[in-house]
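Structure first, commentary second.
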Amino acid sequence: MRIRDRWPARENSVSIEENAGALAYVCWQVALDGTKQLHEQKFNYRDDVQRVAVISEYLVFLIHICDRVCATTTTRRRERFVIKFTQLCAGHLHRNAEEILGPGDYTEAFIDTFNARSKDFSQCNYVNGGPGFSLLRAFGAQIQQLMGNDQTNRWVMDQVTEINAQNAVDQIQKSIRNILGSSAAVDNQSHRHKAAGIQSDLNGAQLPCQFWALSVTPPLGPLHNRLYRRPSHVVLRARDCLDSHPPIPGYSPY
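Right under this line is the structure:
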């Protein structure tokens, strides 16, 4: 799987929303690849509906991973990033599900899944720079439930828990570093260009950097409060996740 996860040199700074879009696209690629791998590993999908459901579970898991590995200077910035990131992931799923399964409201189901899983995943450990076994197993259990326990698929939970999920996490963590590291370099260069006409000597200057850094952090409380389904309302609704981006050509599980 070839993933482009570095910003090229440019004059303008990289926005939070642009970083969210880049990471959402990487997560889509990783989720799609993880779903294909199960087929290549001789596990069976009943139909395209089941395949899309597995892609959805992968996306939800990877969104949670990205939330857990990011640390920010302010809660507001982290919230802004992850909400936009989640919206874009939902948009990728919705557009491609429509292409595969036909018209429908796939975003609502995705947000329901996200809200439910986030509560469960937030109770699991994230230690030593990566997900604990309980988090990997919780994700594997969801894939097992989707794919059933027949003779062919009975070991899918073990495969996902012990191998596939960790591979996906490794790729996402690498891409986070690459996206945010390269965007910070672009920002630093942009600030240098802007300051060149005002300040003659930038030696030793403390230039702004992106707000993300890999660390072991708990799930973002205020963000989860806004994303979870409450008895009275849902703050992040399906229509919040639909944007004007065109469908991505050529993306189908098979």
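Quick note: the sequence shown uses the working numbering, first residue 39, plus one each step. All residues carry an ideal CB built from backbone N, CA and C; glycine is no exception. Values in this document were obtained by computation on a predicted structure and should not be read as measured data.
Would you mind giving the Cβ-Cβ distance between threonine 151 and valine 98, rounded to the nearest angstrom? I have them listed as a contact below 8 Å.
-> The C-beta distance from threonine 151 to valine 98 rounds to 6 Å, short enough to fall under 8 Å.
Give the secondary structure of glycine 142 by DSSP, where H, G and I count as helix, E and B as strand, and everything else as coil.
-> Residue state for glycine 142 is assigned as coil, using DSSP reduced to three classes.
Do the region 203-211 and the region 171-182 make contact, defined as three or more Cβ pairs closer than 8 Å?
-> With the cut-off at 8 Å, the region 203-211 and the region 171-182 touch.
Go ahead and label glutamine 182 buried or exposed: buried means 16 or more other beta carbons lie within 10 angstroms of its beta carbon, across all protein chains shown.
-> Looking at its Cβ environment, which holds 16 or more other Cβ atoms inside 10 Å, glutamine 182 is buried.
Which two residues bound the contiguous alpha helix (DSSP H) that contains tyrosine 63?
-> Residues 54-78.
Can the beta-carbon of glycine 59 be found less than 8 Å from the beta-carbon of leucine 126?
-> Contact: yes.
Taking serine 156 as the reference, give the member of Tyr83, Val120, Ala47 and Ile210 with the closest Cα.
-> Comparing Cα-Cα distances from serine 156 to each of Tyr83, Val120, Ala47 and Ile210, the minimum goes to Val120.
Would you mind working out which of Asn50, Asp225 and Ser94 sits nearest alanine 69, comparing C-alpha positions?
-> Checking every option, the nearest Cα to that of alanine 69 belongs to Ser94.
Check tyrosine 96 in the structure and name its three-state DSSP category.
-> The answer is helix: DSSP assigns tyrosine 96 an H, G or I state.
Residues in its own chain within less than 6 Å of asparagine 263 by CB, not counting five upstream and five downstream?
-> In this predicted model, asparagine 263 has a pLDDT of only 41, less than 50, meaning its place in the structure is not dependable enough to derive any value.
What are the boundary residues of the alpha helix (DSSP H) that includes isoleucine 41?
-> Neither: isoleucine 41 is in no alpha helix (DSSP H) and is coded neither H nor E.
Look up lysine 104 in the DSSP assignment and say whether it is helix, strand or coil.
-> Correcting the residue identity first, residue 104 is cysteine in this sequence and not lysine. Looking at cysteine 104 - three-state DSSP - the assignment turns out to be helix.
Leaving aside the five residues before and after tryptophan 45 along the sequence, list all residues of the same chain whose C-beta is less than 6 Å from its C-beta, in chain order.
-> Excluding the 5 residues flanking it on each side, tryptophan 45 has same chain C-beta neighbours closer than 6 Å at Val52, Ser220, Ser221 and Val224, in chain order.
Under the rule that 16 or more other beta-carbon atoms within 10 Å means buried, what is proline 141, buried or exposed?
-> Counting of Cβ neighbours within 10 angstroms places proline 141 among the exposed residues, the total staying below 16.
Would you kindly report the start and end of the unbroken alpha helix (DSSP H) that includes isoleucine 181?
-> Segment 171-185, the alpha helix (DSSP H) holding isoleucine 181.
How far does the alpha helix (DSSP H) with threonine 194 in it reach, from first residue to last?
-> Strictly speaking, residue 194 in this sequence is valine, with threonine absent from that position. From DSSP, the alpha helix (DSSP H) with valine 194 extends over 194-197.
Take the Cβ of glycine 129 as the centre, count every other Cβ of all protein chains shown within 10 Å, and call the residue buried at 16 or more, exposed below.
-> The residue is buried, with at least 16 neighbouring Cβ atoms inside 10 Å.
Which whole-angstrom value describes the C-beta separation of isoleucine 138 and valine 90, a residue pair presumed to lie in contact below a C-beta threshold of 8 Å?
-> Contact between isoleucine 138 and valine 90 holds: CB atoms are separated by about 6 Å, below the 8 Å threshold.
Coarse secondary structure for glycine 167, derived from DSSP in three states = Three-state result, glycine 167: coil.
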